[in-house]
Amino acid sequence: MHPAAADAPVRPEAEYALEPYTAAPVERALPLVQRLRENALLRRGAILAALALLWEALARWTDNDLLLPTFSATAIAFAEGMASGELLEKAGISLGLLLRGYVLGIAAAFALTALAATTRLGRDLLSTLTAMFNPLPAIALLPLALLWFGLGSQSLLFVLVHAVLWPLALAAHAGFQNVPEVLRMAGRNYGLSGLRLVLYILIPAALPAILSGLRIAWAFAWRTLIAAELVFGATSGQGGLGWYVFQNRNELYTDRVFAGLACVIVIGLVIENLVFATLERVTVRRWGVQR
Numbered sequence: 029m030h031p032a033a034a035d036a037p038v039r040p041e042a043e044y045a046l047e048p049y050t051a052a053p054v055e056r057a058l059p060l061v062q063r064l065r066e067n068a069l070l071r072r073g074a075i076l077a078a079l080a081l082l083w084e085a086l087a088r089w090t091d092n093d094l095l096l097p098t099f100s101a102t103a104i105a106f107a108e109g110m111a112s113g114e115l116l117e118k119a120g121i122s123l124g125l126l127l128r129g130y131v132l133g134i135a136a137a138f139a140l141t142a143l144a145a146t147t148r149l150g151r152d153l154l155s156t157l158t159a160m161f162n163p164l165p166a167i168a169l170l171p172l173a174l175l176w177f178g179l180g181s182q183s184l185l186f187v188l189v190h191a192v193l194w195p196l197a198l199a200a201h202a203g204f205q206n207v208p209e210v211l212r213m214a215g216r217n218y219g220l221s222g223l224r225l226v227l228y229i230l231i232p233a234a235l236p237a238i239l240s241g242l243r244i245a246w247a248f249a250w251r252t253l254i255a256a257e258l259v260f261g262a263t264s265g266q267g268g269l270g271w272y273v274f275q276n277r278n279e280l281y282t283d284r285v286f287a288g289l290a291c292v293i294v295i296g297l298v299i300e301n302l303v304f305a306t307l308e309r310v311t312v313r314r315w316g317v318q319r
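So the sequence shown is numbered by my numbering: it starts at 29 and just counts up by one.
Structural data, given as structure tokens:
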């Protein structure tokens with residue numbers, strides 16, 4: 029160091045208190061039009077309203093209530109079905125059966141993927157079974173299910189488990205495969221292996237893929253159940269929404285047919301926006317894993 033630099037005087041430290049900036053508001057309110065555009069619920073409501081208006085216009089243009097009832101007639105039939113409790117009863121029967129099959133399918137899928145994540149034999153078993161059964165439509169197994177289990181809810185549970193098992197197993201296995209090796213090594217350093225490694229490392233890291241698989245499996249199971257009820261009819265003297273649509277089609281109550289289909293759509297929207305969207309918001313989005 030140069031001697032002159034060593035003898036240079038040291039400037040004393042000084043702190044300057046800055047006055048708060050008040051010349052303009054720190055937060056600026058967005059214009060009303062932009063606030064409305066940023067509201068996702070309002071945007072989706074506008075889309076639904078536009079579809080309803082298009083439906084009403086098309087139905088009035090065709091002018092044939094037997095082929096295409098108006099949106100207003102369908103809304104009246106839907107309200108009457110809800111007020112009488114018939115639609116609620118049919119929806120409860122379908123959802124109860126769907127929930128049982130969905131839970132059984134999830135348990136089977138995670139057992140299969142956990143085995144595939146920990147053993148080579150499990151990976152070979154999963155790849156072979158999914159290649160065989162995933163392309164097979166669940167509704168195609170209904171005649172075989174009727175032969176094996178008879179006229180009862182067991183036949184519908186069989187096809188529901190088939191509809192849930194393979195897409196969820198594929199999505200979960202793909203998520204496990206994409207888990208970084210660093211996380212696997214960290215788990216092994218903590219002494220985790222087998223099922224504990226799956227529960228504490230693989231499932232949290234692969235949760236976005238698992239949630240996507242749960243969504244796909246739900247959609248497959250829901251439409252499989254409605255299609256099976258249309259073909260199969262009632263189980264144990266009770267029929268769900270598919271049976272409601274089938275009966276009213278035979279009696280030429282087309283507005284009630286559309287009301288039953290609207291109930292299927294409404295349930296799908298509720299499950300998607302309340303269950304799955306909430307689950308994503310409190311997990312992967314909160315953790316910053318997914319946008």
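Virtual Cβ for every residue (Gly too), placed ideally from N, Cα, C.
C-alpha distance - residue i paired with residue j, whole-angstrom precision
i	j	result
residue 267	residue 255	12 Å
residue 204	residue 230	6 Å
residue 207	residue 233	6 Å
residue 129	residue 136	11 Å
residue 170	residue 79	34 Å
residue 168	residue 250	15 Å
residue 139	residue 201	11 Å
residue 115	residue 195	30 Å
residue 146	residue 223	8 Å
residue 102	residue 163	36 Å
residue 226	residue 48	52 Å
residue 186	residue 113	29 Å
residue 127	residue 306	18 Å
residue 199	residue 292	25 Å
residue 313	residue 149	34 Å
residue 237	residue 197	10 Å
residue 91	residue 72	28 Å
residue 290	residue 107	11 Å
residue 178	residue 68	47 Å
residue 278	residue 117	20 Å
Classification of residue i by the beta-carbon crowding that lies within 10 angstroms, buried from 16 upward
i	result
residue 183	buried
residue 264	Here residue 264 scores only 49 on pLDDT, less than 50, and its place in the model should not be relied on; the value that follows carries that caveat. Result: exposed.
residue 252	buried
residue 274	buried
residue 294	exposed
residue 152	exposed
residue 217	exposed
residue 40	exposed
residue 215	buried
residue 156	exposed
residue 235	buried
residue 176	exposed
residue 75	exposed
residue 42	exposed
residue 272	buried
Proximity below 8 Å, CB of residue i to CB of residue j
i	j	result
residue 258	residue 270	yes
residue 144	residue 154	yes
residue 133	residue 188	yes
residue 309	residue 109	no
residue 105	residue 287	yes
residue 191	residue 166	yes
residue 83	residue 99	yes
residue 97	residue 111	no
residue 243	residue 161	no
residue 390	residue 239	With the chain covering 29 to 319 only, the question about residue 390 has no answer from this structure.
residue 282	residue 94	yes
residue 181	residue 125	yes
Completely contained alpha helix (DSSP H) runs for the stretch 201 to 275, where each covers 4 or more residues: 209 to 217 and 235 to 260
Alpha helix (DSSP H) segments (min. 4 residues) lying fully within the stretch 49 to 122: 60 to 66, 68 to 90 and 99 to 112
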